[in-house]
Amino acid sequence: MDCAPERRPVVGRFAPTPSGKIHLGNVFSALMAWASVRSAGGKIILRIEDLDPRAQDQRVADDLMRDYEWLGLSWDEGPYYQSRRTDAYQEALETLGDRGLTYPCFCSRAELHAASAPHAADGTFVYQGTCRGLTPEQIAKKSKRRNPAIRLMVPDESSPLARITVVDRVYGTYSENLARDCGDFLIRRSDGVFAYQLAVVVDDGLMGVTEVVRGRDLLPSAARQTYLGGLLGFDRHEYSHVPLLMGPDGHRLSKRNLDTDVASLRDDGMDAKTIIGRLAEAVGIAELGESLTADEFARRFSWEDIRAHKSDVVVDENFFLK
Ligand code: GLU
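One point on numbering: in the numbering used here, the residue at position 49 of the sequence shown is 105, and numbering is uninterrupted.
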C-alpha cells in the first residue's frame with residue numbers, strides 16, 4: 057500500500073477521552089499533535105472520544121476544551137463526539153460482518169484470563185480464538201444467556217498478511233504478527249459499545265486524517281488499526297508516537313502519583329507559557345527556564361528534535377522549579 061501522505065494536505069487530530077481532567081501528559085501529546093499540523097500549514101480536528109458511557113459528561117468535555125484554549129491550542133474543525141457517530145461504526149461493523157470477518161464472542165473476563173497466552177505488547181491478552189469456530193446452534197444457545205462481544209478475525213499466523221509493519225516517525229519500524237501478538241480483537245464490546253479500535257479507524261479514515269500523533273503507549277494499536285483501515289479501504293496515514301510523562305514512582309503520570317491536571321496548575325498560579333516552556337525543554341526545543349506560547353512552540357517544533365529526545369520524561373515535584 058502507498059504510504060505517502062506528504063502529497064495530501066496535512067490533517068491531524070486531537071482525540072481526547074473525557075474521562076477526567078486533562079493532565080500534563082495529555083497536554084504533552086496534544087501540543088505535539090498541534091505543532092506538527094501547524095508547522096505543516098495543515099488542519100487539526102477535535103474529536104471527543106466519549107464512546108464509553110462513563111466518558112459522556114458534557115461538563116468534562118467543556119472543561120477539556122477550555123483547557124486547550126487556555127493553553128493556546130486551537131482547532132479548525134469539530135468538536136465531533138464519537139457518541140453521536142455510532143451509525144458510521146455500525147456500518148463498518150456490518151461491512152466487515154458481511155465479508156465473514158467477524159464473529160460473536162461469549163468469553164467472560166475470567167475465561168479470557170484463564171485461556172490467554174502471555175500479554176500482547178500493550179498489556180492486553182492475546183485472544184486464543186475460543187469462540188471462532190462456534191456453530192450457529194451454539195451461538196443461538198449462548199446468546200440466550202449472554203450478550204456477545206464482536207471480534208475481528210486476523211489472518212493466520214503463517215499468512216504473510218498477518219505481519220503488519222508501521223514506520224513510526226519517532227520510534228521507527230514497529231512490526232507485529234497479529235495472530236501471534238494480538239489475536240482476533242474486539243470491535244464491539246458485549247455491552248454494545250463500539251471498541252476504540254473500530255471507532256478510531258473509521259473516524260480517522262472518514263475525517264481524512266493524514267497523521268496520528270499520540271502517546272507511545274498506543275504504538276501496538278497502530279498495527280491493529282493499520283490492518284483494520286486496510287480492510288475498510290482507507291488510505292494509510294503517518295504515525296508519530298511520542299514519549300510519555302512518568303511520575304516520580306516510575307509509573308505513567310496520573311492523578312495518583314502527582315496532581316498535574318491543567319486546572320490545578322492554573323489555580324496554583326501557573327501560566328500557560330511556563331507549562332509549555334517546561335515541556336518544550338524536555339524535548340530539547342527550549343532552554344531551561346524559558347517560557348513559550350503554543351505558537352512559539354509550533355515555530356520551533358521539528359520531528360528530528362523529538363526523535364532525539366524520545367525517552368520518557370520524568371515529572372516530579374520540582375519539574376516546574378528547575
Ligand atoms: N482517545 C485516546 C486517549 O485519550 C487516544 C486515541 C488516539 O489518539 O488514537 O488516550
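Heads up, the beta-carbon is just placed ideally off N, CA and C, and yes, glycines get one too. All of these numbers come straight from a predicted model, not from anything done at the bench.
Discussion item. Tell me the DSSP secondary structure of Met263 in three-state form.
Written reply: coil
Worksheet item: Is Val66 helix, strand or coil when you go by DSSP?
Response: coil
Discussion item. Distance check for Arg363 and Arg201, CA to CA, integer angstroms please.
Written reply: 51 Å
Discussion item. I'd like to know if the stretch 125-138 and the stretch 271-281 are in contact, where contact means that at least 3 CB-CB pairs between them fall below 8 Å.
Written reply: no
Worksheet item: Of the choices Tyr136, Asn203 and Gly153, whose alpha-carbon is the least far from that of Cys161?
Response: Asn203
Worksheet entry | C-alpha distance - Ser190 paired with Ala342, whole-angstrom precision | Reading off the sequence, residue 190 comes out as Leu, not Ser. Near 58 Å, if we compare the C-alpha coordinates of Ala342 and Leu190.
Fill in: Beta-carbon contacts of Glu278 that lie in its chain and below 6 Å, excluding the five residues immediately before and after
Glu is not the amino acid found at residue 278; the sequence shown has Ala there. Answer for Ala278: Val222 and Tyr295, listed in chain order.
Discussion item. What I want to know is whether the C-beta of Ala71 ends up closer than 7 Å to one or more non-hydrogen atoms of the ligand GLU.
Written reply: yes
Discussion item. Beta-carbon within less than 7 Å of Glu267's beta-carbon, same chain only, minus the 5 sequence neighbours each way: which residues are those?
Written reply: Pro61, Val66, Gly68, Ser92, His293, Glu294 and Ser296
Worksheet item: What are the uninterrupted segments assigned as alpha helix (DSSP H) that are 4 or more residues long and contained completely in the stretch 211-295, given in chain order?
Response: 234-237, 252-262 and 275-287
Practice prompt. For Thr229, I'd like the list of residues in its chain whose CB is within less than 8 Å of its CB, leaving aside the five on either flank, ordered along the chain.
Written response: Thr221, Val222 and Val223
Worksheet item: Are the stretch 99-116 and the stretch 325-342 in contact at 8 Å, needing three or more beta carbon pairs?
Response: no
Worksheet entry | Length of the line joining the Cα atoms of Val258 and Asp113 | 23 Å
Practice prompt. Closer than 7 Å by C-beta to Cys163: which residues in its own chain qualify, once you throw out the five before and the five after it? Chain order, please.
Written response: Thr186 and Cys187
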